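Numbering (the working numbering), first residue to last: 102 to 405.
Each residue gets a CB set at the ideal place from its N, CA and C atoms; glycine is no exception.
Since the structure is predicted, the reported quantities are computational estimates derived from the model, not experimental observations.
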């Protein structure tokens with residue numbers, strides 16, 4: 102049996118699910134785009150092709166091998182996008198929570214069922230139907246659980262709104278001993294530079310006490326200030342609008358001092374190194390065109 106253990110974003114990683122770009126399918130139609138960034142690249146004729154995305158994910162996998170991390174991959178589904186494993190489930194402590202995702206993506210969960218079968222069934226949870234929640238919105242920070250949501254009355258009109266307040270309350274009930282703090286995120290169906298698709302598009306902790314943050318990703322300044330007060334402004338790397346669009350906050354930690362980052366994130370990577378981090382730079386700019394990056398492609402199962 103897999104002994105799940107995830108309490109934060111940065112402790113030493115031991116086992117992870119990494120998505121797959123193999124047999125990813127053709128470029129979606131405009132009507133099938135789930136987010137404004139994909140829509141932008143479909144219109145421009147710059148949507149990423151399979152071989153480029155496979156190569157990027159192979160490079161990511163090689164970094165995991167370097168650090169002796171056990172990597173699971175989803176079973177392959179023909180002509181189906183299985184890159185963003187973070188959306189379909191997440192682990193809190195020793196519990197695996199299946200996401201209630203967009204109905205079109207339900208098959209992605211089936212493709213990791215062989216992994217779920219290795220988990221104690223009492224530790225596998227499926228929320229009720231009214232609960233919307235995706236792993237990109239769920240971020241663990243020891244006794245805190247941060248959750249991205251959208252509190253607008255027009256929630257149902259936004260395909261980019263992925264976690265509702267039912268989802269927040271579900272996690273509060275499931276983990277009553279944790280401090281569960283929700284963050285109301287800025288959403289846009291048409292402009293990727295103004296769309297925090299998930300919490301990890303505008304915030305992520307690194308190391309023991311630092312983080313990457315985009316202030317304008319939060320609808321309420323009080324939510325942004327909550328994180329500033331918790332981490333300390335001097336410990337936060339503030340990104341700009343275009344850096345948020347390029348997914349600067351969507352890096353991935355293998356250890357408290359090891360961060361995997363996109364090789365073009367020069368300003369961020371220099372800051373991380375100046376703070377004492379080892380930065381494993383890899384190419385991931387093609388996958389970024391689908392409004393997801395390194396954290397989005399992973400589903401951590403076990404950390405120290």
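Residue interval of the alpha helix (DSSP H) (run including residue i)
{"i": "residue 368", "result": "367-375"}
{"i": "residue 159", "result": "151-167"}
{"i": "residue 245", "result": "Taken as a continuous stretch (DSSP letters only), residue 245 belongs to no alpha helix (DSSP H), being part of the beta strand (DSSP E) at 245-250."}
{"i": "residue 307", "result": "Premise fails: residue 307 lies in the beta strand (DSSP E), 304-307, not in any alpha helix (DSSP H)."}
{"i": "residue 140", "result": "137-145"}
{"i": "residue 217", "result": "214-217"}
Under 7 Å between C-beta atoms of residue i and residue j
{"i": "residue 154", "j": "residue 387", "result": "yes"}
{"i": "residue 281", "j": "residue 297", "result": "no"}
{"i": "residue 313", "j": "residue 354", "result": "no"}
{"i": "residue 390", "j": "residue 149", "result": "yes"}
{"i": "residue 113", "j": "residue 356", "result": "yes"}
{"i": "residue 307", "j": "residue 164", "result": "no"}
{"i": "residue 244", "j": "residue 264", "result": "no"}
{"i": "residue 115", "j": "residue 403", "result": "yes"}
{"i": "residue 378", "j": "residue 358", "result": "yes"}
Per-residue DSSP class, three states only, for residue i
{"i": "residue 232", "result": "coil"}
{"i": "residue 348", "result": "coil"}
{"i": "residue 332", "result": "helix"}
{"i": "residue 318", "result": "helix"}
{"i": "residue 296", "result": "coil"}
{"i": "residue 343", "result": "helix"}
{"i": "residue 312", "result": "strand"}
{"i": "residue 241", "result": "strand"}
{"i": "residue 394", "result": "coil"}
Cross-strand partners of residue i (DSSP beta bridge)
{"i": "residue 118", "result": "173, 400"}
{"i": "residue 190", "result": "199"}
{"i": "residue 384", "result": "According to DSSP, which records beta bridges pairwise, residue 384 is partnered with nothing at all."}
{"i": "residue 124", "result": "Residue 124 pairs with nothing; no bridge assigned."}
{"i": "residue 286", "result": "319"}
{"i": "residue 379", "result": "359"}
{"i": "residue 109", "result": "242"}
{"i": "residue 280", "result": "245"}
{"i": "residue 338", "result": "313"}
Opening and closing residue of the beta strand (DSSP E) in which residue i lies
{"i": "residue 55", "result": "Since the first residue of the chain shown is 102 and the last is 405, residue 55 is not available in this structure."}
{"i": "residue 271", "result": "First-last for residue 271: 266-275, but that is the alpha helix (DSSP H), not the beta strand (DSSP E)."}
{"i": "residue 179", "result": "No beta strand (DSSP E) contains residue 179, which DSSP labels as neither H nor E."}
{"i": "residue 356", "result": "353-356"}
{"i": "residue 102", "result": "No beta strand (DSSP E) contains residue 102, which DSSP labels as neither H nor E."}
{"i": "residue 363", "result": "359-363"}
Other residues of its chain near residue i: CB distance less than 8 Å, five sequence neighbours each side excluded
{"i": "residue 292", "result": "137"}
{"i": "residue 470", "result": "Past the edges of the chain, shown from 102 to 405, lies residue 470, and the structure says nothing about it."}
{"i": "residue 166", "result": "172"}
{"i": "residue 158", "result": "119, 120, 121, 122, 184, 388, 398"}
{"i": "residue 139", "result": "129, 148, 390, 391, 392"}
Contact test: residue i Cβ vs the ligand SAM heavy atom, cutoff 6 Å
{"i": "residue 250", "result": "With respect to small molecules bound, the structure shown includes none, and the ligand SAM cannot be examined in it."}
Cutoff 7 Å; reference residue i; Cβ partners in own chain excluding five residues on either side
{"i": "residue 276", "result": "193, 246"}
{"i": "residue 365", "result": "386"}
{"i": "residue 342", "result": "294, 317"}
{"i": "residue 215", "result": "176"}
{"i": "residue 221", "result": "102"}
{"i": "residue 299", "result": "235, 237, 238, 249, 263"}
Same chain only: Cβ atoms within 6 Å of residue i, ignoring 5 sequence neighbours per side
{"i": "residue 325", "result": "316, 319"}
{"i": "residue 104", "result": "none"}
{"i": "residue 337", "result": "312, 314"}
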